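Residue numbering for the sequence shown follows the UniProt record's numbering, starting at 1 and increasing by one per position.
Idealized CB from N, CA, C, for every residue including glycine.
Here the structure is a predicted model, which is why all the values come from computation and not from measurement.
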Amino acid sequence: MKLKRGLRHSTDVRVKAIRGAVQVAADTPEQIAKSTLSMMKEIISLNLLHSTNLVSFFFTITPDLTSELPPLVMREAGWNDVPTLCAAELPTAMMIPRVIRVLVHVEWPHHSSEPRHVYLPGTTAARPLASQLITQQ
Numbered sequence: 001m002k003l004k005r006g007l008r009h010s011t012d013v014r015v016k017a018i019r020g021a022v023q024v025a026a027d028t029p030e031q032i033a034k035s036t037l038s039m040m041k042e043i044i045s046l047n048l049l050h051s052t053n054l055v056s057f058f059f060t061i062t063p064d065l066t067s068e069l070p071p072l073v074m075r076e077a078g079w080n081d082v083p084t085l086c087a088a089e090l091p092t093a094m095m096i097p098r099v100i101r102v103l104v105h106v107e108w109p110h111h112s113s114e115p116r117h118v119y120l121p122g123t124t125a126a127r128p129l130a131s132q133l134i135t136q137q
């Protein structure tokens with residue numbers, strides 16, 4: 001079964017996902033807005049994207065961020081044509097505090113390259129690899 005999509009540019013365009021993360025200095029509406037917009041600006045500029053390439057934004061936030069929602073920040077910044085969703089992450093012992101993550105779906109126009117993910121300072125703390133975890137029985 002072949003599905004037809006109404007791609008805006010060409011049937012040769014593929015959908016890709018770009019990851020991003022930023023640690024917020026404090027749980028305030030201003031800091032969440034500043035961090036969200038900084039991360040999104042970096043993703044868009046680093047990957048040479050245009051608004052017509054953007055398919056959707058899926059944000060997650062750590063449970064310690066409660067004063068603002070990244071999708072509302074994006075709407076207030078004028079990104080009204082991109083479907084946006086947000087979810088709270090589960091608290092875990094390995095959780096990095098005050099982090100906003102995003103998965104940006106794009107129609108990838110660059111056939112000779114792959115997307116570049118953006119992890120801003122504070123989001124790359126070492127987590128144990130699965131191979132390093134030892135289960136005691």
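Beta-carbon contacts of Asp64 that lie in its chain and below 7 angstroms, excluding the five residues immediately before and after:
Apart from the 5 residues on each side of it in sequence, Asp64 sits with its Cβ closer than 7 angstroms to the Cβ of Asp27, Pro97, Arg98 in its chain, given in chain order.
Cβ distance (whole Å) where Leu49 is taken to contact Val106 below 8 angstroms:
Sure, about 6 angstroms apart at Cβ, within 8 angstroms.
Please go through the same chain and pick out, in chain order, the residues whose beta-carbon is closer than 6 angstroms to the beta-carbon of Met74, but skip the five residues on each side of it.
So the qualifying residues of the chain are Thr84.
Might you give, ordered along the chain, the residues of its own chain that have their beta carbon closer than 6 angstroms to the beta carbon of Ala25, omitting 5 neighbours on each side?
In chain order, Gln31 place their CB closer than 6 angstroms to the CB of Ala25, counting only its own chain and leaving out the 5 sequence neighbours on each side.
Using the beta-carbon count (16 or more within 10 Å), is Gly78 buried or exposed?
Exposed, since its Cβ has fewer than 16 Cβ neighbours within 10 Å.
Cut-off 7 angstroms between Cβ atoms - residues of its own chain near Arg116, not counting five sequence neighbours on either side:
The answer, listed in chain order, is Leu46, Asn47.
Under the rule that 16 or more other beta-carbon atoms within 10 Å means buried, what is Asn53, buried or exposed?
It is buried - the Cβ of Asn53 has at least 16 other Cβ atoms within 10 Å.
Compute the Euclidean distance between the alpha carbons of Lys4 and Met95, then round it to the nearest angstrom.
Here Lys4 scores only 43 on pLDDT, less than 50, and its place in the model should not be relied on; the value that follows carries that caveat. Note on geometry: alpha-carbon atoms of Lys4 and Met95 lie some 41 angstroms from one another.
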